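Student: Protein chains in written order, with my numbering: chain F, 3 to 660; chain X, 918 to 1429.
Ideal Cβ placement from N, Cα and C applies to all residues, glycine included.
Remember, it's a predicted structure, so these values are computed and weren't measured experimentally.
Pasting in a structure now, in C-alpha cells, and then I'll have a few things to ask.
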C-alpha cells in the first residue's frame, strides 16, 4: 500500500480527537469560560471532524474493495507503546474488511447523529461539553475496532466506557442520572476484569497480544494442541468482558439505566456502536472461539436467554426509551446467539442492520420526546402520527425492520441467525425455538410501541399537545438516511436461496467478510431440525407480520397486555419491575459490599489493627512523652533543635565536600 | 557550569543551601519565603532535567558516581550514583516538588513559616539522598533525615489529633528503622569476610555477599541468616509502603498532615519503602525474598482489596484518598515479589504513577479544604457547575487513579497484573477486583463532590482554581496522559537497568 493510504487509519482516528480538543480546550479558552460555545459552533466543529473521518473511511473502504489481495488491509504503525521484557505492544492500527465495515458504521452513523444532535441539543447548556464527549467517544470507538492488538482494543473498550459514563451523566445535577452513569462504569468494569484475565491467559499461552499474530498462530495445529487445555477459560474470560460491554445476562443492568443520557447518545453509544463491541471482539477472534465448543455453547445460551429475557421485559414497559433499551439488549442477545452457533458473519450482519434500524428508532423516539416537551411515557402519547408525519414514517420503517417484516433489513439478518441455529454444526435446536419466540415478542412489543405512540387516542396533556411540532430538517434528515439504510440494508446479505431468484444476487457481506470471518457452509436443510431454509424464512415472516399486526391493533385502545388477558396480572407486575433484578443485585451484591466495607473500616481497622498498635503505643507513650514539646509552641526549643540539625548537616556537607 | 561528578550531590544538597538562606531571611522579607521555596524546587527540577539528559539509558551500571571518603575505617563512605531504578523516582521528586508548592500554597497566613519552608527543603534533601545513595549507611542516614521534617510538619501544622498521629507515625517508622540499622551493621561486618577484608557498606560490595539460605523446611529457613536479614529490611520497608497490616499510621498521618505534607507523603515518601524493597531487600537476599514472596503477594493482594473496602466507607475525603494509597501500593508489592520481568518494570512505573495520581488527588482535597474548611464528602455536592476547572482536574486525577488506559495509571497496573499473572493467576484474579473496587470508591468520591444537587447554599461563591493551581494541574495532566500514551518516552531510559536488574535477581534465586 502506498504511503498516503497507510496514514489514513491514523487520520481517521485522530480527526475526532482534534474535534474533542477544539471543543474542550480551544473554545473555552476563546470564550474565556465553559458552556459558552453555541450549539451551532460546537456541533458544527464536532460534525466536521467526524464527517472528515467518514470521508477518509470511504476512501479506505474503496481501496479495500478495489484490492485484489485475498485479505487486504491498510495499516498504520505509529510507535512502540510498550516494549519491555517480552511484552511488545505497538500502537498499530489496522483496517481490514471487518474493521473497515465497523469504521464505516461508526463514522457514518456517527456523523448523522452528530448532525441530529445539533438540533436536538440546541437549547441545552454546555453543548460544547456534549460535543466534545461525543467526539471523544468516536475516537475511542475507532481505536477499539482499529487497534491491532488486544491492549489497544482494551484502550478503546475502556475509553468508550468512560465516554458512556460522561454522557449518561451529562445532566449530572440530577442524582439519578449521575448514578446511572456510575452504575454503567462500574458494571462495565466487572466485565473488564474478565477481559483482562482473558488477555493475561492469552499472553501466557501464546506470548503475544497482537490480533494478527494470534489469529495466524491459531492456524498452526501444534499451537492449537498446546493451548487446548486453557482455551475454554480464555474464551469465557473474554466473553465476561463482552457481557459487560454488550449488556448480556447477568451484567446487562446498566443499559436500561443508561437511557437517562441524551437520546442521540442512546442511539450512537447504546444501540449502534459501543454495545456491539463484544460481538466485534468475538468475530475478530473467531479462530480462537472456534476452538472451544463449550465456550461457544455458553455464548449461545447466554445470548438466547438474554434475548428472550429482555424481550419479555420490553413488553411491559411504558417509557419509550426503556422499550428500546430492552429491545437492544434482546437484539444483542441475538447477535451472541449467532456467534455461539458459529455464525460470526451473521452476527456482524445483524450488528450492521441493527445499527441502522435501532439508531433510527432511537433518533425517532428522540424526535417524539422532543415534540412532546420531554415526555417519555408512552401512556401519555398516542395519535402522534398526524402531528409527526416524518418521524412516524421513518420510525415505521425502523419498526418493520426490527420486527423482521420481509424484505426490510432486519428480516434478512434475523432470519439468517434463526436458520443458522439449526443448520450449523454448533447449532442448538431448542435455542432456535427461543429465537423464534423472541422474534415474535420483538414484533409484538415493537407494534405496541408504535401503536401507543402514533396510533390510538391522544392522551397528551393540553400543554404538550399545544406545543406538538414536527422536528426540524436537521433532525429528520438523519432519520430519512437511516430509514433508507434500514429498509434496504438487508440486501447486502441476500440468502443464496433468494438470491438465485433475484438474478443471482450474491450475499455481498458474506463475500466481503470471508477472508477475516470465514463462514461455515449453510446447508439448504437444517441439520439439527430438518427444516428447509425456505420454510424457516416463510414461517418467520408470517410470525413477524402476525405479531406486529397484533401489537399494533391490540394496543389501539388498551395500554397493557394485562388489560387484554385477565389473570396475567402477577406475571405482568414481575415484567414491569424487570424481574426485580436490580433489587436482587442490591440485596446480594451491593448491600453485602457495603457491609464488608463498613466492617473493614470501622471494625477491622479501628479495633483490631489499630487496637493492637495503640496497645503497643500506650506502653511506649511514656518514652514518647518528651514529644510534648511540640505542643508548647516554644519557639526557642524549635530554634535550638534546628540549630543542632543545621550544625550536623553543615558538618556533614563539610565532610563530604572537603 | 555544573560538573558532572557533583551533579547528584548538588541535587541532594541544594535544598539545604536554600534552607540556610531561608533561615537567614530577614523578617521584612518573610512574605517572600514561599517564592524562595518555589525557586528552590525549580532549581532542582532544572538539575533533574540536566541529569536526565546526561543519563545514559543504554547502560545498566550506576552512573555519575560521586565518591567521598567519609568514615573509611567503618567502611562507610559517601557514595551517590544513579541508575535506571532511581532515575524515574528522582525525576518524580523533582517535578512533584514545585507542583506541590504551587498547588498547596495556603490562601491565608501560616504560622512559623520560616521553619515550615526549611522543613520542606530538608525533606527534599532526605528524599533525593535516599534515592541516590549507593552506600547502605548513607541510605539509612537519608532515610532517617526524611523522618524528621515529616514528624515536625504533622506535629506542628497538623490538625486536631496531630500529636496522636505524630507519635504513631514516629513509633511505626522507628521500629522498622532500628531493626534495619542492626541489619546494616551485620551486613557491614559480613563484608569484612570478602576478599580484601575491608569493611564496606557500598551497594556494589554488599551485592556480592552471599548468605546461606536453606528453604527445605521451616526449621532450616529460620536458622538461615538470610531470613533474618531479609525480614529486618523488609519490615522497615513495608511499614513505609505501607503494606497491610502495618498501614494504620498512614490514614492518621495523612488526615492530620498539612496538604503539602500529604502530597509529599503520598507522592514520594511511600515510594521510599518500595524503592527499598527493590533496591535492597530483594536483590541482597534473593532466596529469602523468593521464599517469602507468596506471603508478600498475599499481603499485597489483601492490601489492594482491604484498602479499597476501607476507602469505600470513608466520608472524610482525605482518608478515602489515603486508603486508596494503601490499595494502590499493594500492586507494587505484588509486582515486585512476583519475580517477573514485566511485573517488576510495572512496579517501578507504578511508583511514579501513583505519585502523580495520589499527589494530584491530595492536591484536590487541599483545594477544597482551603476553600470550604471541610473534608467531609457529605458537605460537598454539585460543585462541577460552580468550579468547572477543578471538576476537570479532579476527573483527570480520578481517571489516572482508576488506571484507565491512556492515563499513566494503566501503564503501571497493566504490566504488574500481566506479569504476576504468569506465575500467580489466582492472586492476580483477586488483585484484579481492585480494578472494580477502585472504580467504585473513586467515582463515589467524584460524585459526592462534583455531581448531584448542591448541598449548601454558600457553595455558589466558591472560587475556581487560580492561576498557580491551574498551572500545577496542567503539568500533572501532561504527565498523566504523556506517560499514558508514550510510556517509552518517559521510562525508556530505565530499560537497560531494569532488564539487567530483573535478570540478576531471577538468576540469583535459582543459583544460591
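Within 8 Å, do at least three Cβ pairs link the segment 1183-1191 of chain X to the segment 1258-1277 of chain X?
Tutor: Because the criterion of three Cβ pairs below 8 Å is met, the segment 1258-1277 of chain X and the segment 1183-1191 of chain X touch.
Student: May I ask you to report which of helix, strand or coil DSSP gives residue 993 (chain X)?
Tutor: Residue 993 (chain X) sits at position 76 when you count from the first residue of the second chain. Of the three classes helix, strand and coil, the one that applies to residue 993 (chain X) here is strand, per DSSP.
Student: For the segment 168-191 of chain F, which residues have a CB atom closer than 7 Å to at least one CB atom of chain X, in sequence order?
Tutor: Flagged, chain order: 171, 174, 175, 177, 180, 184, 187, 188, 191.
Student: What is the DSSP secondary structure of residue 418 (chain F), counted as helix, strand or coil?
Tutor: By one-based count along the first chain, residue 418 (chain F) stands at place 416. Three-state result, residue 418 (chain F): helix.
Student: What whole-angstrom Cβ distance do residue 1282 (chain X) and residue 1164 (chain X) have, given they're in contact under 8 Å?
Tutor: Here residue 1282 (chain X) is taken as the residue at index 365 of the second chain, counted from 1. Here residue 1164 (chain X) is taken as the residue at index 247 of the second chain, counted from 1. Wrong, their Cβ atoms sit about 19 Å apart, outside the cutoff.
Student: Measure the alpha-carbon distance for residue 935 (chain X) versus residue 1038 (chain X) and round it to whole angstroms.
Tutor: One-based indexing of the second chain puts residue 935 (chain X) at position 18. One-based indexing of the second chain puts residue 1038 (chain X) at position 121. Between residue 935 (chain X) and residue 1038 (chain X), the C-alpha separation is close to 7 Å.
Student: Cβ of residue 1255 (chain X) within 7 Å of any heavy atom in the ligand SAH?
Tutor: Absence of the ligand SAH is noted for the structure shown, with no ligands found whatsoever.
Student: Output the distance between the C-alpha atoms of residue 1118 (chain X) and residue 1127 (chain X), rounded to the nearest integer angstrom.
Tutor: In the second chain, the residue the question calls residue 1118 (chain X) occupies position 201. In the second chain, the residue the question calls residue 1127 (chain X) occupies position 210. C-alpha separation (whole angstroms): 14 Å.
Student: Measure how close the beta-carbons of residue 56 (chain F) and residue 113 (chain F) come, nearest whole angstrom, since I'm counting them as under 8 Å.
Tutor: By one-based count along the first chain, residue 56 (chain F) stands at place 54. By one-based count along the first chain, residue 113 (chain F) stands at place 111. Confirmed, about 5 Å.
Student: Given this structure, state the Cα-to-Cα distance separating residue 463 (chain F) from residue 373 (chain F), to the nearest angstrom.
Tutor: Taking the first residue of the first chain as 1, we reach residue 463 (chain F) at position 461. Taking the first residue of the first chain as 1, we reach residue 373 (chain F) at position 371. Each residue's alpha carbon lies about 13 Å from the other.
Student: Please list, in chain order, the residues of the segment 583-604 of chain F that have any C-beta partner in chain X closer than 9 Å.
Tutor: Listed by position along the chain: 595, 596, 598, 599, 600, 601, 602, 603, 604.
Student: Would a C-beta distance cut-off of 8 Å place residue 1358 (chain X) and residue 1241 (chain X) closer than the cut-off?
Tutor: Here residue 1358 (chain X) corresponds to residue number 441 of the second chain, with the count starting at 1. Here residue 1241 (chain X) corresponds to residue number 324 of the second chain, with the count starting at 1. Yes, they are a contact pair.
Student: Ordered along the chain, which non-local residues of its own chain (more than five positions away) have a Cβ less than 6 Å from that of residue 1310 (chain X)?
Tutor: Indexing the second chain from 1 puts residue 1310 (chain X) at position 393. Around residue 1310 (chain X): 1390.
Student: Taking residue 1223 (chain X) as the query, report the chain F residues whose CB atoms sit under 9 Å from its CB, ordered along the chain.
Tutor: Stepping through the second chain from its first residue, residue 1223 (chain X) is reached at position 306. In chain order: 602, 606, 607.
Student: Please work out which residues of its chain come closer than 8 Å, Cβ to Cβ, to residue 88 (chain F), disregarding the five sequence neighbours upstream and downstream, and give them in chain order.
Tutor: Position 86 of the first chain holds residue 88 (chain F). Cβ neighbours of residue 88 (chain F) beyond the five flanking positions: 209.
Student: Between the segment 1356-1378 of chain X and chain F, which residues of the former have a C-beta closer than 7 Å to a C-beta of the latter?
Tutor: Against chain F - using a Cβ distance shorter than 7 Å - the residues of the segment 1356-1378 of chain X are 1356, 1357, 1360, 1364, 1368, 1369, 1370.
Student: By the 10 Å Cβ neighbour count, where 16 or more other Cβ atoms means buried, how is residue 450 (chain F) classified, buried or exposed?
Tutor: The residue given as residue 450 (chain F) occupies position 448 in the first chain. By the neighbour-count rule (16 or more Cβ atoms within 10 Å), residue 450 (chain F) is buried.
Student: Spatial neighbours of residue 637 (chain F) within its chain, please: CB distance less than 7 Å, with the 5 preceding and 5 following residues excluded, ordered by chain position.
Tutor: Within the first chain, the letter at position 635 stands for residue 637 (chain F). Caution applies to residue 637 (chain F), whose pLDDT of 49 falls short of 50 and renders its modelled position unreliable; the model cannot decide the point.
Student: If we define contact as Cβ-Cβ less than 8 Å, is residue 918 (chain X) a contact residue for chain F?
Tutor: The residue labelled residue 918 (chain X) in the question sits at position 1 within the second chain. With a pLDDT of 47 at residue 918 (chain X), under the threshold of 50, the modelled position of that residue is not reliable, and the figure given next carries that caveat. It does not; no Cβ of chain F falls within 8 Å.
Student: For residue 232 (chain F), collect the residues of the same chain with a Cβ closer than 7 Å to its Cβ; drop the 5 residues on either side in sequence, then sort them by chain order.
Tutor: As a working note, residue 232 (chain F) is residue 230 in the first chain. Closer than 7 Å at Cβ, skipping near neighbours: 203, 207.
Student: With distance defined between alpha-carbon atoms, name the residue in X:1278, X:973, X:1149 nearest to residue 1091 (chain X).
Tutor: Taking the first residue of the second chain as position 1, residue 1091 (chain X) is located at position 174. Of X:1278, X:973, X:1149, the residue nearest in Cα terms is X:1149.
Student: I'd like to know if residue 1235 (chain X) contacts chain F, where contact means its C-beta is closer than 8 Å to some C-beta of that chain.
Tutor: For the purposes of this step, residue 1235 (chain X) is identified with residue 318 of the second chain, where counting begins at 1. No, residue 1235 (chain X) lies away from the interface with chain F (no Cβ there is under 8 Å from its Cβ).
Student: List, from N- to C-terminal side, the beta strand (DSSP E) runs of 3 residues or more that fit wholly inside the segment 7-59 of chain F.
Tutor: Listed in chain order, nothing qualifies, since the segment 7-59 of chain F has no complete beta strand (DSSP E) run of 3 or more residues.
Student: If I follow the unbroken alpha helix (DSSP H) through residue 1330 (chain X), where does it start and stop?
Tutor: Counting from one through the second chain, the residue named residue 1330 (chain X) turns up at place 413. Unbroken alpha helix (DSSP H) run through residue 1330 (chain X): 1325-1338.
Student: Which runs of the beta strand (DSSP E), 3 residues or longer, sit entirely within the segment 944-1013 of chain X?
Tutor: For the segment 944-1013 of chain X, whole beta strand (DSSP E) runs of length 3 or above, ordered along the chain, are 980-988, 993-999.
Student: Closer than 9 Å by beta-carbon distance: list the chain F residues that pair up with residue 1339 (chain X), in chain order.
Tutor: Here residue 1339 (chain X) refers to the residue found at position 422 when the second chain is read from its first residue. 202, 205, 206, listed in chain order.
Student: What are the boundary residues of the alpha helix (DSSP H) that includes residue 1251 (chain X)?
Tutor: As a position in the second chain, residue 1251 (chain X) is number 334, starting the count at 1. 1234-1254 is the span of the alpha helix (DSSP H), which, as asked, contains residue 1251 (chain X).
Student: So, helix, strand or coil for residue 191 (chain F), using DSSP?
Tutor: Position 189 of the first chain, counted from the start, is the residue given in the question as residue 191 (chain F). Helix, per DSSP.
Student: Bridge partners for residue 82 (chain F) per DSSP, in chain order?
Tutor: Mapped onto the first chain, residue 82 (chain F) falls at position 80. The partner list for residue 82 (chain F) (beta bridge, DSSP) reads F:92.
Student: Excluding five sequence neighbours on each side, which residues of the same chain lie with their C-beta closer than 6 Å to the C-beta of residue 1082 (chain X)?
Tutor: Position 165 of the second chain, counting from 1, holds the residue named residue 1082 (chain X). Only 1071, 1169, 1170, 1173 meet the Cβ criterion.
Student: Contact between the segment 106-125 of chain F and the segment 470-484 of chain F: three or more CB pairs below 8 Å?
Tutor: Because the criterion of three Cβ pairs below 8 Å is met, the segment 106-125 of chain F and the segment 470-484 of chain F touch.
Student: Would you kindly work out how many angstroms separate the C-alpha atoms of residue 965 (chain X) and residue 378 (chain F), rounded to a whole number?
Tutor: Within the second chain, residue 965 (chain X) is the residue found at index 48, counting from 1. Within the first chain, residue 378 (chain F) is the residue found at index 376, counting from 1. Distance between the alpha carbons of residue 965 (chain X) and residue 378 (chain F) is about 59 Å.
Student: Verify whether the separation of the beta carbon atoms of residue 346 (chain F) and residue 285 (chain F) is less than 8 Å.
Tutor: To locate residue 346 (chain F), count along the first chain from 1; it is residue 344. To locate residue 285 (chain F), count along the first chain from 1; it is residue 283. A contact, by the Cβ cut-off of 8 Å.
Student: Helix, strand or coil: how does DSSP classify residue 1050 (chain X) here?
Tutor: On the second chain, position 133 is the one that residue 1050 (chain X) refers to. Residue 1050 (chain X) falls in the strand class under three-state DSSP.
Student: Considering only their Cβ atoms, is the gap separating residue 1226 (chain X) from residue 598 (chain F) smaller than 8 Å?
Tutor: As a working note, residue 598 (chain F) is residue 596 in the first chain. As a working note, residue 1226 (chain X) is residue 309 in the second chain. Cβ atoms of residue 598 (chain F) and residue 1226 (chain X): closer than 8 Å.
Student: Looking at the structure shown, is residue 356 (chain F) part of a helix, part of a strand, or coil, going by DSSP?
Tutor: For the purposes of this step, residue 356 (chain F) is taken as the residue at position 354 of the first chain. Residue 356 (chain F): helix per DSSP, three-state reduction.
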